[in-house]
Amino acid sequence: MNDTATLERACCAREFLWADLMPDPGASMLNAVRDACEVCRVRELHDVSSAIRLHEPLFVCFEIDDPEARVFDFLMQVRNDHPELPVLVITGRDSTLVARWAMRLKVWDLLVKPVLHEELNETISSTAAITKERDAAVMSYTLSSSVSSSDPKSRNRTDPLKRTSAAITHLNAHFACRIDLESVAAVCGLSPSQFCRVFRKEHHVSFGQYVLCFRMNRARELLEHENMLVKEVAYSVGFNDLSYFTRSFKRHFGVCPAAYQAAARPVI
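This is the structure:
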């Protein structure tokens, strides 16, 4: 199949990690893709962290039948320990709770069963390919989007109307506040799970990644031009956790915000 060939090209350099948390391993969707590329499969949550350190995978996929609090807690731990690692979630339950957690955890994509094999292969292939140039591609996209979003004439001239365009408008107006997935999805006339899928398809990044990069760009502008403390910048662009803001900024720009601000200010 063409999907399998594409998957092989995308994943040939490095394997990815599949956390199979299904009660019956025979029911896992990994059976549809594991021959297409190198996959490391783990069946227990406590094996995930060591597998990430050992294999340095392109990304991690969690397949969950019925999400539990302990699974969400562990996902949060993985995101905190490996913020640069894309995470896919495949779940058997379509609920607002799952979508909210996906947003909070900033997962790369959320798939709700039933999932066609072609859709799964396409998701894995695109995630593997995008991951290889993740930082440069995402930042370039966000920077150009920020410019076009602030210039309605330019946006209307270059971009077709998207189903999630209202979400970008909402983000421009409320990026300094808490962004509620359910509210943003409602603005676009979609359910939370539909919104996650459509936004990823239209913008080539998850909504969580888009929001993060949008805020990073705004923070950089403030550090360059405003006489503000780093913590004030963090709060003004929607971060409540200064340490998380610092880690995110350094991951995006290669330097901590305080050092960036010092370098950006003119020498007197």
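Under the numbering used here, the first residue of the sequence shown carries the number -6, and numbering increases by one thereafter.
For glycine and all other residues, C-beta sits at the position ideal for the given N, C-alpha and C.
(1) For the segment 164 to 242, list the alpha helix (DSSP H) runs that are entirely contained and at least 4 residues long, ordered along the chain.
(2) At a threshold of 6 Å, does E8 count as lining the ligand HEM (C-beta to nearest heavy atom)?
(3) Within the continuous alpha helix (DSSP H) that includes W94, where are the two ends?
(4) Using 8 Å as the cut-off, can you tell me whether the segment 209 to 224 makes contact with the segment 174 to 193, which would need three or more C-beta pairs spanning the two stretches below that distance?
(5) Counting only the same chain and skipping the five closest in sequence on each side, list residues whose C-beta sits under 6 Å from that of R36.
(6) So is H39 buried or exposed if we call it buried at 16+ other beta carbons inside 10 Å?
(7) Kindly identify the DSSP beta-bridge partner or partners of C54.
(8) What is the DSSP secondary structure of L104, reduced to helix, strand or coil?
(9) Whole angstroms is fine: what's the gap from A212's alpha carbon to T239's?
(10) Leaving aside the five residues before and after F65 along the sequence, list all residues of the same chain whose C-beta is less than 7 Å from its C-beta, in chain order.
(11) Got a sec? Which residues, its chain only, sit under 8 Å from R150 by beta carbon, not counting five neighbours each side?
Once the coordinates are examined:
(1) As summarised for the segment 164 to 242, the continuous alpha helix (DSSP H) elements at least 4 residues long and confined to that stretch are 174 to 180, 185 to 196, 200 to 218, 223 to 229, given in chain order.
(2) The ligand HEM is absent from the structure shown, which contains no ligand whatsoever.
(3) In the sequence shown, counting from the first residue as 1, residue 94 sits at position 101. In the DSSP assignment, W94 falls within the unbroken alpha helix (DSSP H) covering 89 to 98.
(4) Segments in contact, no.
(5) Start at 1 with the first residue of the sequence shown, and residue 36 comes out as number 43. Residues D13 of the same chain have their beta carbon placed closer than 6 Å to that of R36, with the five preceding and five following residues left out of the count.
(6) Here residue 39 corresponds to residue number 46 of the sequence shown, with the count starting at 1. Exposed, because fewer than 16 other Cβ atoms sit within 10 Å of the Cβ of H39.
(7) In the sequence shown, residue 54 corresponds to position 61, counting from 1. Paired residue(s): W11, L81.
(8) Residue mapping note: residue 104 aligns to position 111 of the sequence shown, counting from 1. Strand, per DSSP.
(9) For the purposes of this step, residue 212 is taken as residue 219 along the sequence shown, with counting starting at 1. For the purposes of this step, residue 239 is taken as residue 246 along the sequence shown, with counting starting at 1. Near 11 Å, if we compare the C-alpha coordinates of T239 and A212.
(10) Counted from its first residue, the sequence shown places residue 65 at position 72. Excluding positions up to five away in sequence, the list reads W94.
(11) One-based indexing of the sequence shown puts residue 150 at position 157. Note that R150 scores a pLDDT of 45, beneath 50, so its modelled location is shaky; the value from the coordinates is reported in the next line. The same chain holds no residue with a CB closer than 8 Å to that of R150 once the five nearest residues on each side in sequence are set aside.
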